[in-house]
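Undergrad:
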Amino acid sequence: MRSFFEIDVFVRFCETDAAGHVNNASYFFYLEEARMKFFKEIGIDKFKKKQNFNFIVASTKCDFIKQAYSGQMLRLNARVSKIGKKSFVLEHEIKCAKTRELVAVGSTVLVCFDYDRQESIHMPQELAAELDKYLV
Numbered sequence: 001m002r003s004f005f006e007i008d009v010f011v012r013f014c015e016t017d018a019a020g021h022v023n024n025a026s027y028f029f030y031l032e033e034a035r036m037k038f039f040k041e042i043g044i045d046k047f048k049k050k051q052n053f054n055f056i057v058a059s060t061k062c063d064f065i066k067q068a069y070s071g072q073m074l075r076l077n078a079r080v081s082k083i084g085k086k087s088f089v090l091e092h093e094i095k096c097a098k099t100r101e102l103v104a105v106g107s108t109v110l111v112c113f114d115y116d117r118q119e120s121i122h123m124p125q126e127l128a129a130e131l132d133k134y135l136v
């Protein structure tokens with residue numbers, strides 16, 4: 001049983017700001033990249049095809065601990081901290097890949113959503129079981 005999923009992200013110059021560090025908005029792109037690769041890892045498409053649903057982001061946040069810079073390699077992890085009937089919470093740590101120093105922490109609340117009916121729906125049990133493998 002795995003408890004987290006990890007990816008590396010290279011910080012590009014265009015993701016920095018006038019202060020020379022990674023712009024606060026860029027961190028949300030990193031969180032999204034980790035989330036999308038996590039979904040691929042768990043085979044999310046097979047669950048979405050079985051039951052007509054997708055996810056909607058209900059909440060996302062990021063707390064900044066240290067600065068990151070262009071050219072730096074960051075290591076992001078994703079782990080599930082809560083599984084509800086209709087939603088789950090993904091938590092992230094962003095660290096310097098070289099030093100392992102914590103750069104930022106973030107979280108995202110994702111809700112199973114039927115876009116045709118415009119309402120939240122219950123999470124498929126098979127999906128909850130797959131997410132449970134990453135529950136901490």
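Numbering (full-length UniProt numbering) for the sequence shown: 1 to 136. Yeah, the Cβ is synthetic: ideal placement off N, Cα and C, and Gly gets one too. Because the structure is a prediction, the values reported are computed rather than measured.
For a test of your reading of the model: does the CB of residue 18 fall under 7 angstroms from any non-hydrogen atom of the ligand GTP? Yes or no.
TA: In the structure shown, the ligand GTP is absent, as is every other ligand, since no ligand is present at all.
Undergrad: Quick one, which of 72, 25, 90, 19 has its alpha-carbon nearest residue 55's?
TA: Here the closest residue by C-alpha is 90.
Undergrad: Between which residues of its own chain and residue 75 is the CB-CB distance below 7 angstroms, once the five residues before and five after are set aside?
TA: Only 6, 8, 95, 97 meet the Cβ criterion.
Undergrad: Could you check how far apart the C-beta atoms of residue 58 and residue 109 are, in whole angstroms? I think they sit under 8 angstroms.
TA: About 4 angstroms; that satisfies the 8 angstroms criterion.
Undergrad: With DSSP as the reference, label residue 30 as helix, strand or coil.
TA: In this structure, residue 30 counts as helix in the three-state DSSP scheme.
Undergrad: Quick one: Cα of residue 32 to Cα of residue 93, how far?
TA: Going by the C-alpha atoms only, they are around 13 angstroms apart.
Undergrad: In angstroms with no decimal places, state the Cα-to-Cα distance between residue 129 and residue 36.
TA: Each residue's alpha carbon lies about 19 angstroms from the other.
Undergrad: Roughly how many whole angstroms lie between the Cα atoms of residue 1 and residue 47?
TA: Interpretation of residue 1 is limited by its pLDDT of 49, a score under 50 that renders its predicted location unreliable; no figure is taken from the coordinates.
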